[in-house]
Amino acid sequence: AAALEAGRFRNVVLDPVLICMGQEPGHALDTDQALKGQILPLATFVTPNHFEAESLSGLAITDVESLKAAAVRIHELSGAAVLAKGGVRLAGPDAVDVYYDGETLEVLSAPKVGEVAVSGAGCSLAAAVTAELAKGATPLEAARTAKSFVTAGIRNRVASGAPFDALWQGGAG
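Shown next as structure tokens:
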């Protein structure tokens, strides 16, 4: 947190990894509390997945409306632009994410590519947002481009031999 404060960075994109693929919730509570209390307030853009959005917002997410409410709540807590990821966790034919920056609330959706979460999607989304912001995109433009990038990567996913597939970034650009 001190390094982020001292750096006075224009963009601080936070992928709040409160849980990793295959990990149980609450595995690292001390780290979770530090992230929420010290790092989240310094972020300018946050990309929580379904579980992380529930944890950060304190809301149960069961549908697109509750995902919207969670994105708004996380923005209220942090002041950051939020891209809350519903992914394959929400019912319906589309993988739905919600963008909110205090003014614009936009649902970003794309047809689901299977019904199983893909490893690497969340960190690739945050990296794509970071790259787009560094190139001068607005936060909303960065969110839209990152969503398209990750959707293409999921479409070209690689069977990993693990209980989940891995995102293929080579076919996403």
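Each residue of the sequence shown is one higher than the last, beginning at 1379 in our numbering.
Even for Gly, the Cβ is constructed at its ideal location relative to N, Cα and C.
It should be emphasised that the depicted structure is a prediction, and the values quoted were computed from it without experimental measurement.
- With 16 or more neighbouring CB atoms inside 10 Å of its own CB, Lys1446 falls in the buried class.
- Under the DSSP assignment, Val1507 falls in the alpha helix (DSSP H) whose first and last residues are 1499 to 1512.
- Rounded to whole angstroms, the gap between the alpha carbons of Gln1416 and Ala1379 is 6 angstroms.
- The count of Cβ pairs closer than 8 angstroms, one atom from the region 1387 to 1394 and one from the region 1417 to 1433, reaches three, so the stretches are in contact.
- Cβ-Cβ separation between Leu1437 and Pro1426: approximately 12 angstroms, too far for a contact (criterion under 8 angstroms).
- Under the three-state reduction of DSSP, Leu1518 is assigned to helix.
- Nearest C-alpha to Glu1430 among Thr1422, Glu1443, Leu1461: Leu1461.
- In the same chain as Ala1506, and ignoring 5 residues on each side of it, the C-beta atoms closer than 7 angstroms to its own belong to Thr1523, Ala1524, Phe1527, Val1528, in chain order.
- Annotated as distal: Glu1510 and Ala1499, with beta-carbon spacing of 8 angstroms or more.
- When the beta-carbon positions are compared, Ala1448 and Glu1432 come within less than 8 angstroms of each other.
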